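Under UniProt numbering, residues 1 to 273 are what the sequence shown spells out, in order.
Beta carbons are placed, not taken as given, at the ideal position from N, Cα and C, and that holds for glycine.
Model, not experiment: these values are computed from the prediction.
Everything on this sheet refers to the single structure shown next.
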Amino acid sequence: MGGRPLGGDEEGATIVLLEDTDSLQELSEYLDVLSSTTRLKILKLIEQKPKDIRRIASEIQSSYENTKKHMDKLLSIGVVRKEAGLSRETSRGIHPVWKYSLVPGTMEAIVRNLGLFSNMKLTVTDADLTVRLAAVRGKVSEELTNPSPTITLLGGPDDGMSFLLEGSRMPVGRGERGAPTAYVPGSAITLSEEYGAVTRISKPHAVFILRDRIWHLEDCGSTGGTFINGTALVPHRRYILKDGDLIECAKGVHGASFVFVGGTESGQGEERT
């Protein structure tokens with residue numbers, strides 16, 4: 001079966017209208033911080049190992065003062081933390097310094113947050129946020145994210161867990177009774193028993209399928225249904241996935257919701273019939 005395009009504005013889609021002034025202001029501030037390519041480079045630099053300001057400044061070829069300003073901005077949105085550490089040995093010996101590292105799950109959280117906000121309609125007066133959001137997502141995709149597509153769980157006991165889509169076919173479903181939850185790259189995504197509305201993996205709820213370098217989603221005739229941006233999928237038909245799509249395997253607190261991040265192989269923006 002050929003892939004079918006599915007837009008977020010199609011009839012029947014459930015997309016939240018974001019009107020809360022405080023939320024919009026917080027989103028604006030969040031985008032301001034992440035709009036800097038230099039700050040994104042700093043996040044990448046401290047992803048694996050904590051570093052002090054002077055070391056970071058040297059690696060990004062900037063002054064101590066300018067680097068400190070960037071770091072203060074990152075601290076303000078809670079993506080970076082600082083802890084006491086020791087400097088590298090110099091002619092004057094070793095001395096205590098502040099070392100900066102990523103808050104655990106930061107990269108996944110940034111991608112998830114931007115994806116969620118991208119699927120919310122903004123008021124006309126705040127339409128400029130849509131443009132800024134798209135620009136920031138482009139920078140984040142270029143500087144931070146894995147080139148392979150991922151899906152990230154939203155809510156439930158495994159909230160924030162990300163799964164790399166590999167191979168050409170990846171079914172998703174709830175684990176069998178007594179069997180451990182497992183994620184085998186390129187094989188299957190198995191959810192814990194708490195996601196009780198999701199069909200068991202032995203007869204998958206849905207399946208991610210790669211065709212011509214474009215990822216699709218197909219509902220496998222599940223009891224609870226599968227939805228993209230609130231629109232129910234017709235069982236056993238493939239639908240093209242686009243960057244930022246919200247995916248639901250069944251509705252309600254016992255369903256599983258994901259955000260899709262397309263990476264470089266997603267073919268996002270293309271449509272097939």
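Residue i burial status per 10 Å Cβ neighbour count (16 or more: buried)
i	result
Ser141	buried
Val131	exposed
Glu47	exposed
Arg238	buried
Ile56	buried
Val259	buried
Gly12	With a pLDDT of 35 at Gly12, under the threshold of 50, the modelled position of that residue is not reliable, and no figure is offered here.
Asp52	buried
Gly244	buried
Tyr30	buried
Thr123	Note on Thr123: pLDDT 49, under 50, position unreliable in the model; the coordinate value appears next. Classification for Thr123: exposed.
Gly262	buried
Lys99	buried
Ser222	buried
Thr37	exposed
Lys49	exposed
Extent of the continuous alpha helix (DSSP H) to which residue i belongs
i	result
Ser257	Unbroken run through Ser257 is the beta strand (DSSP E), 256-261; no alpha helix (DSSP H).
Ser101	First-last for Ser101: 96-102, but that is the beta strand (DSSP E), not the alpha helix (DSSP H).
Ile42	37-45
Thr67	64-76
Thr106	106-118
When the options are compared against residue i, the one with the closest alpha-carbon
i	options	result
Met161	Met107, Arg39, Asp212	Met107
Ser192	Phe208, Glu65, Gly175	Gly175
Lys82	Glu143, Met170, Lys68, Trp215	Lys68
Asn229	Asp159, Ser118, Pro104	Ser118
Arg54	Asp128, Pro157, Val207, Ser87	Ser87
Ala250	Cys220, Ile240, Lys242	Cys220
Phe208	Val198, Ser187, Thr199, Gly224	Ser187
Leu74	Lys41, Gln61, Lys49	Lys41
Gly167	Ile214, Leu129, Ala197	Ile214
His254	Lys139, Val198, Tyr64	Val198
Supposed contact pair residue j and residue i - C-beta distance, whole angstroms, cut 8 Å
i	j	result
His236	Glu218	7 Å
Val79	Leu116	Rounded, the Cβ-Cβ distance is 16 Å, inconsistent with contact.
Ala232	Tyr195	About 18 Å; that fails the 8 Å criterion.
Leu114	Arg137	5 Å
Pro96	Ala109	The Cβ separation is near 30 Å, so there is no contact.
Arg112	Leu154	7 Å
Residues that DSSP places opposite residue i in a beta bridge
i	result
Lys238	Per the sequence shown, the amino acid found at residue 238 is Arg instead of Lys. The partner list for Arg238 (beta bridge, DSSP) reads Glu218.
Thr150	Leu164, Val261
Ile247	Ile228, Phe258
Asp22	Note: Asp22 sits in no beta bridge, so no partner.
Lys51	Tyr100
Enclosing beta strand (DSSP E) for residue i [first to last residue]
i	result
Val80	80-86
Val172	169-174
Val207	206-211
residue 279	With the chain covering only 1 through 273, there is no way to say anything about residue 279.
Minimum Cβ-Cβ distance from residue i to chain C less than 7 Å
i	result
Val207	Absent here is chain C; the protein component of the structure consists of one chain.
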